Every structure is written in C-alpha cells, then in structure tokens.
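Q:
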Amino acid sequence: MGRATWFDADGTKRGEWTEEEDQKLVAYIDEYGVGDWRFLPGRAGLRRCGKSCRLRWLNYLRPGIKKGKFTPQEEQAIINLHSVLGNRWAAIAQQMPNRSDNDIKNHWNSCLKKRLERNGLDPMTHQPIINNLAVKTPLFNTECSSSSSARASPSSSSFSSSSGSAHLLNKIATGISSRQHCVDDMIKNILSDPRITSIHGQDDLEVEELKKDDEKIIASDYQEDDFLMWDDEKIRRFMEEIGVMELETMSYDGAYRL
DNA sequence: AAGTGAAGCAACCGCGGCGTT
DNA sequence: CAACGCCGCGGTTGCTTCACT
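Numbering (the numbering used here), first residue to last: 2 to 259.
(1) Could you work out which residue in R116, N60, G65 is closest to W260 when comparing CA atoms only?
(2) Kindly indicate which three-state DSSP category K14 falls into: helix, strand or coil?
(3) What's the gap between the Cα of G36 and the Cα of L122?
(4) Can you have a look at D31 and say buried or exposed, based on whether 16 or more other CB atoms are within 10 angstroms of its CB?
(5) Counting C-beta neighbours from all protein chains within 10 Å, is the total for E76 16 or more, i.e. buried, or is it exposed?
(6) Per DSSP, L122 forms a beta bridge with which residues?
(7) Is the beta carbon of R57 closer than 9 angstroms to that of W18?
(8) Given a threshold of 16 other Cβ atoms within 10 Å of its Cβ, counted over all protein chains shown, does P42 qualify as buried or as exposed?
(9) Hey, S111 and I66 are a contact pair by Cβ (cut 8 angstroms); roughly how many whole angstroms apart?
(10) Can you give the Cα-Cα distance for P124 and P64, rounded to whole angstroms?
(11) Given F40, which residues of its chain have a CB within under 8 angstroms of its CB, disregarding the five upstream and five downstream residues?
(12) Is it buried or exposed for A78, if we count other Cβ within 10 angstroms and need 16 for buried?
(13) With distances taken from CA atoms, which of D104, I80, Q96, P129 is nearest L113?
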C-alpha cells in the first residue's frame with residue numbers, strides 16, 4: 002500500500018518507501034541518532050527530503066511503534082483525550098507512546114469519528130446531535146476548548162482546513178501550545194483520573210474489567226452512549242476539577258481576535 | 001466472478017511557531 | 001527587530017484491500 006514512486010525536479014524521491022531505504026534510515030539513526038533532518042538523507046545515502054525521512058521514522062520505523070488494530074482500551078482513551086484536547090493529535094499521541102500521531106489521526110478520521118456520528122454524537126464537540134445540530138454547552142463552544150470551538154454545523158463531519166473554523170481551531174491550539182507547561186499539567190491530571198483513560202496505571206484486574214466491558218459494548222454494537230462520552234455535567238465537573246476552567250480564563254485574546 | 005463503494009493506511013502539503021542571523 | 005529557514009503539526013490525498021451486491 003502507499004503512493005506511487007516519483008521524483009521531483011531536483012531528483013528527490015517521493016512516494017512509497019522501499020525496504021532498502023528503511024534499512025538505510027534505521028541504520029543511520031541507530032549509529033548517529035536523530036539529528037538535523039536537513040542533512041540526514043544525504044548522510045544516510047537517501048534521495049529523500051528530510052521531512053519525508055522524519056515522517057517515515059516517527060510513524061513507522063522508530064522503536065516501540067505499534068502497528069495494527071487499536072484495542073478497545075486504546076480507542077476509549079483516544080475518544081476521551083479527544084474530548085478534552087481536540088484535534089491535537091501530537092498531544093494525544095504523547096499519552097500513547099506506542100502509537101504515532103498519524104496513526105491515531107487516521108484511526109479517528111476513518112473509524113472513531115464515524116462511530117460517534119452513528120451514535121448521534123458530534124465528533125468535534127462530543128455532544129449529542131439534536132435535529133442535526135450538536136447541543137451546545139458553554140464549555141465547548143466558547144474560547145477554551147481546543148477542539149470544540151469548531152461550530153457544530155449541520156454537516157458537522159466535514160471540517161475543511163480552509164474553513165474559518167479550522168483556522169480558529171489552529172489559532173486556539175497554537176495558543177494552548179504556547180502554554181505547553183499548562184497543557185502538560187492538565188494532561189497529567191487527566192491521566193491521573195481513572196475515568197479518562199484506561200491505558201495508564203491500571204492493574205490487571207482493572208484491565209480485565211475493562212475488557213469485559215468492552216466485550217459487552219462490542220456485542221451490543223456500541224449502543225451504549227455512556228461508553229462514548231460523559232454527559233455535559235460530568236464533563237463540566239471534571240474540567241473544573243482539573244483546572245481547565247482556569248486555563249480557559251487565561252489570555253487567549255490574540256487567538257480569538259481574528 | 002466482476003463491479004463498486006467503504007475502510008484503512010501511508011505519505012504529501014501547507015501553515016505557523018520558533019530559533020537564528 | 002525584521003527576514004529567513006527549519007521543524008512539527010494537522011489536514012488531505014491517493015492507493016490498496018475488503019466487503020457487499
């Protein structure tokens with residue numbers, strides 16, 4: 002699978018990676034580590050751009066990367082993290098070190114988003130869709146939430162990068178990124194809450210319980226809404242607990258004056 | 001068995017932040 | 001302090017595989 006191979010005008014190779022190229026890249030990074038991506042391809046004997054090498058390494062070749070099907074626990078974690086972090090795939094991926102942001106993003110776009118929609122939830126706001134409009138709550142439709150300030154449109158599944166909403170989201174995400182330490186603290190708090198993610202810090206018993214739950218859920222074709230999300234009040238309480246409301250009140254002025 | 005649409009996956013593109021000059 | 005270039009991120013595209021008719 003992958004894209005056809007072709008060459009840029011300057012001779013840079015694009016498209017699908019070969020086994021030999023993978024080996025060259027891995028061998029180079031094993032020996033010299035990840036350094037300046039600009040010069041890495043030349044030094045490693047690859048006719049690729051640095052950007053392509055970086056992508057290949059991070060998404061496919063780096064040690065510990067997990068491929069294949071997402072487990073129900075991982076899916077649950079993605080959904081929960083997405084409800085808090087929005088489309089900040091890199092931030093979500095940080096909490097799931099065995100998965101690349103690209104992998105998570107692909108799985109979200111191809112599977113989880115549609116599953117939420119099938120269950121009557123807006124994938125951006127994680128709110129129930131009533132009459133084709135997601136229920137709006139102050140929390141998710143005002144300034145703070147990185148994900149959810151995307152308007153719940155009738156065609157909420159389509160979310161073009163050229164839309165104003167997308168730009169707004171980027172601005173918001175950027176605003177949050179620039180306060181990375183706040184976000185890191187927030188994520189730590191999220192992960193320390195057993196309600197949010199099921200992949201960190203669980204003993205075998207908890208995992209087993211979750212597996213049983215997941216099996217039930219799968220057996221019932223995900224008809225239980227509470228598997229997918231919390232209700233508004235629950236989210237609000239949780240966000241207050243972990244200090245998101247405080248974050249919300251921080252200066253985002255620049256981000257919102259477009 | 002063939003055709004077709006959906007799903008899954010790998011990789012590219014473009015934008016914005018940030019460091020350097 | 002402005003200009004420039006690199007890097008990282010999110011969105012999108014294109015190809016393959018799978019499932020259904």
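Where a beta carbon is used, it is the ideal one built from N, C-alpha and C, also for glycine.
Quick caveat: nothing in here was measured; it's all calculated off a predicted structure.
A: On the basis of the data shown:
(1) Lying before the first or after the last residue shown, residue 260 is absent from the chain, which here runs from 2 to 259.
(2) strand
(3) 43 angstroms
(4) exposed
(5) buried
(6) P129
(7) yes
(8) buried
(9) Not a contact, Cβ separation roughly 19 angstroms.
(10) 32 angstroms
(11) G51
(12) buried
(13) I80
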